[in-house]
Amino acid sequence: MIKLENVTKSYSAEVTALRDASFDVAKAEFVFLVGPSGSGKSTLLRMMNRQERPERGAVWVAGRNINEMPDSKVPHLRRNIGNIFQDYKLLTNKTVFENVAFALEVIGRPRHVIRQQVPAVLELVGLSGKQDRFPHQLSGGEQQRVSIARAFVNRPLILLADEPTGNLDPATGEGIMRLLDRINKTGTTVVMATHDQRIVNMMRKRVIQLDRGVIVRDQARGVYE
Amino acid sequence: MISRLRYTLREMWASMSRNKTLTAATVITSTISLLLFGLTLLIQRGFDNQLKLWTGGVEMIVYVNHGAEANQVAFVQGALESQTSVIEGVTYCSEACATEVANTLFAGDQDSLQQLIPKIPSFFKVRPIDKDSGEVLRTLKSTFKDLPGVFDVRTPDQQVEVLSQLKSFFGVRTLLISGGLLAASALLIWNTIRTAMFARRREIEVMKLVGATNWFIRLPFMLEGLVQGIAGGFLGGIFMLLINRDWTNGVRAFPVSSGLEGFVVTDGYPYTVWLVMILVGAFVGAVGSGTAASRFLDV
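Heads up: the protein sequence lines correspond to chains H and X, in order.
Take the first sequence: its position 158, counting from 1, is numbered 157 in numbering that gives the first Met the number 0, and each next residue is one higher.
Take the second sequence: its position 74, counting from 1, is numbered 73 in numbering that gives the first Met the number 0, and each next residue is one higher.
Take a look at the structure:
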């Protein structure tokens, strides 16, 4: 589903975010990217949805080299990739329903499809009765669930999660991980950047460890070291 | 398609409502600049009308003595028609024809008519090639006024010259000012769209991440600028029509001898100008918002 070949990315002469990174992620796989802050986890995620381009190497997503993809095709690529963030990136002036519907609306889905899919995904993430609330009326865990609903409402092939439990207490974080695991079991590939040791050890999924832009470990059913 | 249209209109309205002050400032600036632009066109047309009234399309009238013989008339006509390098055309109006004209012009003034008609002269209407040159008119006048059989030669040379100079003076300057103001409008629209995009940068970021195309993101912003430009043209046009109405009423109240009775635009031309103002407003709005929406999409 995702393939990186010798990817290198520098932000300046002194800062190399990634150095010669290569790995494959299979369809429906769940992968943790771990490592300290500044190790290149977020840069890797940003390359997978073409928010960034490598200086060298290639990034393949669903069989296409996305670095060579024309800019006009990038929106279509992103419709197959859901994004989840540590700070949720919810629109504060929109309700839960509107936040999730927004993702469908801006890609031109008709109203009847939105009315059908949004309640379904809100039920999946456990927010059925809260669709008319605004983000500030929700807890952190609930806001992250809205963010996941928005990322998943279009049934993407891939979910990229950048520290989704970073702002949450351990119990709420576990709830979010159970939700991501359920989504993964539907066949969606999940790549999650984290330095939450407890969660990585609990999930026992594949772990790719980065250190100063270099992949130092790639372990199936791994733990945080 | 309908859902996209609904979305675009809704977002455009939301953005305009969010930036009420800036939107109002933009529309007011567009209105004033387009009003000045429209008034410039009307002033130009007013000068044209005034020039036409002075000349009636004829720059010089050569009056022939009352009761002149046919051979005298033919002599004057021949002299006029021989000046092919400066005279474009000559039309003769006999004494009967001149009486008809007088009856029309002095329909409400029987005393003047009674004094004029018994000694009314026939005349030649002369159209010079260079209609706007007072110098040509003066030369023609001095050439023909002493010809046998010629009673008088009238030219509106000074008036034509003054009006031509005024037309040129006001036309160029008001066009320059309105051009400057239109550029200011475009910049203000550009800035409004930039501010609107900055205010919605989080939304734009989310839109890009979920796969909205750049055009889809841009469209509400571009439409916002377009609407502001069109609103400026529409409102400016209304003010222009009101000003034109008041000016026309004012000029009609002037005495006929004021010589300003032609300085009005009373045909359908103001409505054409209104349409032009709306189109120019739309163009300015589209250019301002289009460049801003393209340039600041990566917020």
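Virtual Cβ for every residue (Gly too), placed ideally from N, Cα, C.
Problem - Where X:S111 sits in the DSSP three-state scheme - result: helix
Exercise for the section: Kindly indicate if chain X contains any beta-carbon less than 9 Å away from that of H:I106. Expected result: yes
Handout entry: Bridge partners - X:L4, DSSP secondary structure assignment
Key = The partner list for X:L4 (beta bridge, DSSP) is empty, contrary to what the question assumes.
Exercise for the section: Give a yes or no on whether 9 Å exceeds the smallest Cβ distance from H:F151 to chain X. Expected result: no
Handout entry: Meets three-Cβ-pair contact criterion under 8 Å: the stretch 269 to 277 of chain X and the stretch 167 to 183 of chain X
Key = no
Practice task
Output yes if chain X places a C-beta closer than 9 Å to the C-beta of H:F96; else output no.
Solution key: no
Handout entry: Closer than 9 Å at the beta carbon, the chain X residues around H:F232
Key = No answer is possible for residue 232 of chain H: it lies beyond the span of chain H, which begins at 0 and ends at 224.
Problem - CB contact check: X:V298 to chain H, cutoff 9 Å - result: Residue placement at X:V298 is poorly supported in this model, since its pLDDT is 45, which falls under 50; the coordinates still yield a value, given next. No, X:V298 does not count as interfacial toward chain H.
Handout entry: Listed by chain order, chain X residues near H:H75 by CB distance under 9 Å
Key = G210 and T212
Practice task
Would you check if there are 3 or more beta carbon pairs closer than 8 Å linking the stretch 93 to 100 of chain H to the stretch 138 to 153 of chain H?
Solution key: yes
Practice task
Mark X:G210 as exposed unless 16 or more other C-beta atoms lie within 10 angstroms of its C-beta, in which case mark it buried.
Solution key: buried
Problem - chain X contact for H:D70 (CB, 9 Å cutoff) - result: yes
Problem - For H:Q196 and H:E122, the rounded distance between their alpha carbons - result: 29 Å
Handout entry: Segments of 4+ residues assigned as alpha helix (DSSP H) that fall wholly inside the stretch 24 to 58 of chain H
Key = 40 to 47
Practice task
Using alpha carbons as the reference points, say which of X:T25, X:V61, X:R126 and X:R153 lies closest to X:L234.
Solution key: X:T25
Handout entry: chain X residues whose Cβ lies nearer than 8 Å to that of H:L90
Key = R201, E202 and V205
Exercise for the section: Sort out for me which residues DSSP pairs H:L158 with in a bridge. Expected result: H:G81 and H:V189
Problem - X:I242 in three-state terms, based on DSSP - result: helix
Exercise for the section: Kindly list the residues whose CB is nearer than 8 Å to the CB of X:A78, restricted to its own chain and excluding five residues on each side of it in sequence; keep chain order. Expected result: F143 and L146
Exercise for the section: Return the first residue and the last residue of the beta strand (DSSP E) that H:T7 is part of. Expected result: I1 to S9
Practice task
Out of H:K72, H:P35 and H:A16, state which residue places its alpha-carbon closest to the alpha-carbon of H:A192.
Solution key: H:P35
Exercise for the section: Output the residue ranges of the alpha helix (DSSP H) runs that lie fully inside the stretch 17 to 88 of chain X and measure 4 residues or longer, sorted by chain position. Expected result: 19 to 54 and 69 to 80
Practice task
Would you verify that the beta carbon of X:S16 is, or is not, closer than 9 Å to some beta carbon of chain H?
Solution key: no
Exercise for the section: Would you kindly report the start and end of the unbroken beta strand (DSSP E) that includes H:R214? Expected result: Contrary to the premise, residue 214 of chain H reads as Ile rather than Arg in this sequence. Its beta strand (DSSP E) spans residues V213 to Q218.
Handout entry: Proximity below 9 Å, CB of H:G186 to CB of H:K26
Key = yes
Exercise for the section: For H:N82, go through chain X and note every residue whose CB falls closer than 7 Å to its CB, in chain order. Expected result: L208
Handout entry: Enclosing beta strand (DSSP E) for H:L209 [first to last residue]
Key = R205 to D210
Practice task
Report the neighbours of X:F220 on chain H: residues whose CB is nearer than 7 Å to its CB, in chain order.
Solution key: Correct list: empty, because the minimum Cβ distance to chain H is about 14 Å.
Problem - Where the beta strand (DSSP E) through X:P335 begins and ends - result: Given that chain X is displayed from residue 0 to residue 298, the structure contains no residue 335 of chain X and the question cannot be resolved.
Handout entry: CB of H:D23 within 9 Å of CB of H:T7, strictly
Key = no
Practice task
Determine whether the Cβ of X:I277 lies closer than 9 Å to any Cβ atom of chain H.
Solution key: no
Exercise for the section: Taking X:F215 as the query, report the chain H residues whose CB atoms sit under 7 Å from its CB, ordered along the chain. Expected result: V105
Problem - Beta-carbon contacts of X:S93 that lie in its chain and below 6 Å, excluding the five residues immediately before and after - result: S121
Exercise for the section: Can you say whether X:T20 is buried or exposed, counting buried as having 16 or more other CB atoms within 10 angstroms of its CB? Expected result: exposed
Handout entry: Contacts of H:P109 in chain X (Cβ-Cβ under 7 Å)
Key = S2
Handout entry: Simplified DSSP state of H:Q20, which is helix, strand or coil
Key = Here residue 20 of chain H turns out to be Ala, not Gln, going by the sequence shown. In this structure, H:A20 counts as strand in the three-state DSSP scheme.
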